[in-house]
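What follows is a short report on a single structure.
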Amino acid sequence: MKVFKPEWQCTFSVNEGAEESANWKEKVAWRLRGMADWLDRGGRTLKVAYNVTPAVSQDEVDTCLGKGFEVTQQLLTQLAHQQACENVMRHAKAELYDEQPSVQGF
Numbered sequence: 005m006k007v008f009k010p011e012w013q014c015t016f017s018v019n020e021g022a023e024e025s026a027n028w029k030e031k032v033a034w035r036l037r038g039m040a041d042w043l044d045r046g047g048r049t050l051k052v053a054y055n056v057t058p059a060v061s062q063d064e065v066d067t068c069l070g071k072g073f074e075v076t077q078q079l080l081t082q083l084a085h086q087q088a089c090e091n092v093m094r095h096a097k098a099e100l101y102d103e104q105p106s107v108q109g110f
């Protein structure tokens, strides 16, 4: 009986800038991305690099990236909600957030 063993590999990285070992073309590209971020006055430029073996279609990659950004958006929304609730509590019950706790009974 012949045994078949599936083999696969996936590398994935996200960069926010040129690495120290980057060549001049990569450094210029990141400088241009930085200028675009400055002109847009918001947002963040990321470079997503991946290598998948065996190959998957570009549509499948795009779907995976889209779902990943959907999860990111949900997490950021949850964090913003939590921060808004904490801000309300800090305003309504400031005594709970005193920097110097008072020691009672001593």
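In terms of our numbering, the sequence shown has 88 at position 84, counting the first letter as 1, and numbering is strictly consecutive.
Note that beta-carbon positions come from the ideal geometry of N, C-alpha and C, so glycine has one too.
Everything numeric in this text was worked out from a predicted model, so none of it was measured.
| CB of E23 within 8 Å of CB of L50, strictly | no
| task | Indicate the three-state DSSP secondary structure (helix, strand or coil) for N27 in the structure shown. | result | coil
| request: Could you tell me whether the stretch 5-17 touches the stretch 55-69, where touching means 3 or more Cβ pairs closer than 8 Å? | output: yes
| task | Would you tell me roughly how many angstroms separate the C-alpha atoms of Y101 and C89, rounded to the nearest one? | result | 14 Å
| query | In whole angstroms, what separates the C-alpha of W28 from that of V52? | reply | 19 Å
| task | Quick one: residues in its chain with C-beta nearer than 6 Å to the C-beta of T81, no 5 flanking neighbours on either side, listed in chain order? | result | none
| Assigned secondary structure, K97 (DSSP; H/G/I helix, E/B strand, else coil) | coil
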